Ligand code: DX5
């Protein structure tokens, strides 16, 4: 029942002119924006923090989600909500008290989501699904854009869909990593409805708007 949403990752954007890229993305018809926050510890890359999201807020009216690929996200949740994020994603592998962290996000007035790296089993989030407004299944090992889609995640997506249906939880499954016209159908067929794409839509010969429309069409 969740509708398909195309979610650009800002990773391929020109960080020296992020505002104009955000305006281009809104014109291209995307549904929300994902900010890939990386601390160089949880993942081997360092991008930006809440201040960059805060300064980006005025350039877009779309929902913002912060994908916190950082250690101990519980220490800085408030900064991301104050920066204007509508939804905050934490990694199950990065916080000791995941149930508390997810409910802290909701307590701050934002929607909560948990992300799983490819190796992390679904049983790790079995008891926190009712504390989530979305679940993100990584289809690459996080840290960089342009990596190959891990198709072995499709059974994991399908199983998660069954778990959510049995709990009568009507929350979206988001996938992130290697999503392109070649891989989007497999992810959508497995049950993903929110599709994060970075390199594919930004490098498409069709141009941004047509690339977004193509992904949406293939997923529906
Ligand atoms: C984790 C990042 C990337 C990015 C999408 O490494 O979060 O997954 O969002 O990158 P592409 O679409 O280029 O795989």
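Numbering (full-length UniProt numbering), first residue to last: 3 to 222.
Cβ coordinates follow ideal geometry from the N, Cα and C atoms, glycine included.
The structure presented is a predicted model; accordingly, all values stated were derived computationally and were not measured.
Between the Cα of residue i and the Cα atoms of the options, which residue gives the shortest distance?
i: residue 192; options: 72, 14, 222 and 170; result: 222
i: residue 7; options: 110, 186, 93 and 22; result: 186
i: residue 122; options: 182, 103, 105 and 162; result: 162
i: residue 90; options: 142, 52, 144 and 190; result: 52
i: residue 78; options: 104, 60 and 57; result: 104
i: residue 134; options: 101, 142 and 25; result: 101
i: residue 215; options: 182, 22 and 95; result: 182
i: residue 119; options: 151, 217 and 220; result: 151
i: residue 109; options: 68, 83 and 207; result: 83
i: residue 25; options: 127, 107, 59 and 54; result: 59
i: residue 92; options: 115, 106, 81 and 80; result: 115
i: residue 219; options: 207, 190, 204 and 206; result: 190
i: residue 54; options: 21, 28, 217 and 80; result: 21
i: residue 41; options: 124, 206, 68 and 23; result: 68
Let me confirm a value: residue i is counted as buried when at least 16 other C-beta atoms fall within 10 Å, else exposed. Which label applies?
i: residue 129; result: exposed
i: residue 195; result: buried
i: residue 167; result: exposed
i: residue 156; result: buried
i: residue 174; result: buried
i: residue 144; result: buried
i: residue 141; result: buried
i: residue 5; result: exposed
i: residue 172; result: exposed
i: residue 204; result: buried
Are the beta-carbon atoms of residue i and residue j separated by less than 8 Å?
i: residue 209; j: residue 11; result: no
i: residue 158; j: residue 139; result: yes
i: residue 176; j: residue 136; result: yes
i: residue 179; j: residue 153; result: no
i: residue 88; j: residue 112; result: yes
i: residue 56; j: residue 85; result: yes
i: residue 76; j: residue 49; result: no
i: residue 126; j: residue 94; result: yes
i: residue 233; j: residue 30; result: Nothing about residue 233 can be reported from this structure: the residues present for the chain run from 3 to 222 only.
Using a Cβ-Cβ distance under 8 Å, would residue i count as near chain B?
i: residue 193; result: Included in the structure is just one protein chain, with no chain B present.
Review point. Do the stretch 63-81 and the stretch 27-42 make contact, defined as three or more Cβ pairs closer than 8 Å?
Key: Yes, the stretch 63-81 touches the stretch 27-42.
Exercise for review: Determine, using beta-carbon pairs with one atom in the stretch 199-218 and one in the stretch 11-24, whether at least three such pairs fall under 8 Å.
Suggested key: The stretch 199-218 vs the stretch 11-24: in contact.
Check your understanding: Does the pairing of the stretch 72-88 with the stretch 36-47 give three or more beta-carbon distances under 8 Å?
Key -> Taking a cut-off of 8 Å for Cβ pairs, the stretch 72-88 and the stretch 36-47 touch, as three or more such pairs fall below it.
**Study point:** Within 6 Å of ligand 3: residues by beta-carbon to any heavy atom
**Key:** With respect to ligand 3, the structure shown offers nothing to examine, as its ligands consist of ligand 1.
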